[in-house]
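Q: Taking this note's numbering, the leading residue of the sequence shown gets 9, the next gets one more, and so forth.
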Amino acid sequence: MQKICTLIIACFFLNQAISQEQGIYRHYTIYPTLINPGATGINEGQHEFIGNMVNTWSGSDGTPVNYTFGYSGSFGKSVGLGLQLMNETNAAISRFKASIAYAYKVKFDNANFSIGMTTEFQQKRLRNGILNDPSIDPTDAYLLAANDGVKFFDFGLGIHAKINQTLTLGVALPNMVHTYITKPDIASTEDQKYLGNFVGYLSNRFKVNDFDFEVEPGIAVRKVSAGDGSAPLLGDVNVTGYFLDNRLTGGLSYHFGAGQSGGGVLLGIMLNKVSIYYSFDIYSGDYQPYNNGKHEVTLGVALSDIKK
């Protein structure tokens, strides 16, 4: 057990992995600020608060669980400001992120464009209590170094656009700057240059007059994670339907990439200013028989006037 744990911690440092949550969110179709700082404050005069939980490979011990709290607000006609706090546990590793986003919006007759940037502080370390496990050696140099953790700074850019109030597109470039603030001497980690990570999405919304609902097909591609530049290209094909003046939402998705494929469903309801969304995804990989799929829940509150 001690050797296995030491090997895990060695990989924690030596692989220099940049675990990116942009690759796990499914609800970016509803809340694009989860993956793109360019979408910050896109709805003029609105202030949006969201709480998001993602449980990947649920039902198995030590599988990733991610909690995110986000705020996105519009100030005036041209400025959007946002805040995001995230905490993730994955086996013995805990990761915390705090980010601030700024976006500048430009309006044309039939199009809205926004360019945003985000500055992020992240810390990755052993989960609390790991060193108290009697099956490991608490004096192990790698374990002690991992318990101290690493802290680093990230910078990213994003562009979000909406044309004719129906066509939505965006591109985000995370980890354009990745600089370590503190790192143990035992680690061989180095500051990273931009490695080509990106997120891109495109969708178009159609109104079905005969049935009084709207349907929005879309596609997204994501290349995130893996600090050595070997991140796989992931793709999503989504179809989302909006019913009863957006009060009810339903959707289907197909995911592909990284040697596996899968599908999922999305359900949502909006009650006045409060929205709740749930999605379930399942994949065809070798690990699927040992878990209960991926679950994501988002609670959102939208206020038109923050003073009220």
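Glycine residues also receive a C-beta, built at the ideal position from the N, C-alpha and C atoms.
Computed from a predicted model, the values in this text were never measured in an experiment.
In the structure shown, what three-state DSSP assignment does LEU311 receive?
A: For the purposes of this step, residue 311 is taken as residue 303 along the sequence shown, with counting starting at 1. Strand.
Q: Could you spell out the range, first to last residue, of the beta strand (DSSP E) harbouring SER269?
A: As a position in the sequence shown, residue 269 is number 261, starting the count at 1. Its beta strand (DSSP E) spans residues 268-279.
Q: Identify whether GLN30 lies in helix, strand or coil by the three-state DSSP scheme.
A: To locate residue 30, count along the sequence shown from 1; it is residue 22. GLN30 falls in the helix class under three-state DSSP.
Q: Could you say which of SER107, VAL305, SER261, LYS215 lies nearest to TYR250 if we only look at CA atoms?
A: Taking the first residue of the sequence shown as position 1, residue 250 is located at position 242. Nearest option by C-alpha distance: LYS215.
Q: Quick check on ILE227: buried or exposed, where buried means 16 or more other Cβ atoms within 10 Å of its Cβ?
A: Translated into the one-based positions of the sequence shown, residue 227 becomes position 219. With fewer than 16 Cβ atoms within 10 Å of its Cβ, ILE227 is classed as exposed.
Q: Expressed to the nearest angstrom, what Euclidean distance is found between the alpha-carbon atoms of GLY88 and ILE144?
A: Counting from 1 along the sequence shown, the entry for residue 88 is found at position 80. Counting from 1 along the sequence shown, the entry for residue 144 is found at position 136. Answer to the nearest angstrom: the Cα atoms are 48 Å apart.
Q: So what does LEU165 bridge to, in DSSP terms?
A: Position 157 of the sequence shown, counting from 1, holds the residue named residue 165. Its beta-bridge partners are MET125, LEU181.
Q: Is GLY88 near the ligand NAD, going by C-beta to nearest heavy atom under 7 Å?
A: Ligands are entirely absent from the displayed structure, and the ligand NAD is therefore not among its contents.
Q: When you compare only the Cα positions, how much space is there between ASN136 and GLY272?
A: As a position in the sequence shown, residue 136 is number 128, starting the count at 1. As a position in the sequence shown, residue 272 is number 264, starting the count at 1. Near 33 Å, if we compare the C-alpha coordinates of GLY272 and ASN136.
Q: State the Cα-Cα distance for the pair VAL309 and ASN280, rounded to the nearest angstrom.
A: Start at 1 with the first residue of the sequence shown, and residue 309 comes out as number 301. Start at 1 with the first residue of the sequence shown, and residue 280 comes out as number 272. About 9 Å.
Q: Between THR174 and ASN212, how many whole angstroms is the CB-CB distance? I'm expecting something under 8 Å.
A: Counting from 1 along the sequence shown, the entry for residue 174 is found at position 166. Counting from 1 along the sequence shown, the entry for residue 212 is found at position 204. Taking a contact as a CB-CB distance under 8 Å, the pair THR174 and ASN212 counts as one, their CB atoms being some 6 Å apart.
Q: Less than 8 Å between the C-beta atoms of VAL232 and PRO182, yes or no?
A: By one-based count along the sequence shown, residue 232 stands at place 224. By one-based count along the sequence shown, residue 182 stands at place 174. Against a cut-off of 8 Å, the Cβ pair of PRO182 and VAL232 comes out as a contact.
Q: Does DSSP classify PHE221 as helix, strand or coil?
A: Numbered from 1 along the sequence shown, position 213 holds the residue referred to as residue 221. Strand.
Q: Can you tell me where the beta strand (DSSP E) holding GLY2 begins and where it ends?
A: Residue 2 lies beyond the residue range present for the chain, which begins at 9 and ends at 316; the question has no answer from this structure.
Q: Contact defined as beta carbons within less than 8 Å: I believe TYR298 pairs with SER68. What is the distance between those atoms, to the nearest angstrom?
A: Against the sequence shown, residue 298 aligns to sequence position 290. Against the sequence shown, residue 68 aligns to sequence position 60. A Cβ-Cβ separation of about 6 Å places TYR298 in contact with SER68 under the 8 Å criterion.
Q: Looking at the unbroken beta strand (DSSP E) that takes in GLU96, where does it start and where does it end?
A: The residue given as residue 96 occupies position 88 in the sequence shown. Taken as a continuous stretch (DSSP letters only), the beta strand (DSSP E) holding GLU96 covers 87-98.
Q: Decide if SER283 is buried, meaning its Cβ has at least 16 other Cβ atoms within 10 Å, or exposed.
A: Taking the sequence shown and counting its residues from 1, the one referred to as residue 283 is at position 275. Buried: at least 16 other Cβ atoms inside 10 Å.
Q: Are GLY270 and ILE290 touching if we call contact CB-CB under 8 Å?
A: Position 262 of the sequence shown, counted from the start, is the residue given in the question as residue 270. Position 282 of the sequence shown, counted from the start, is the residue given in the question as residue 290. Contact flag set, yes.
Q: When you compare only the Cα positions, how much space is there between LYS85 and HIS55?
A: Along the sequence shown, read from residue 1 onward, the residue named residue 85 stands at position 77. Along the sequence shown, read from residue 1 onward, the residue named residue 55 stands at position 47. C-alpha of LYS85 to C-alpha of HIS55: approximately 13 Å in a straight line.
Q: For LEU42 versus GLY90, is the C-beta spacing smaller than 8 Å?
A: As a working mapping, residue 42 is identified with position 34 in the sequence shown. As a working mapping, residue 90 is identified with position 82 in the sequence shown. Not closer than 8 Å, so no.
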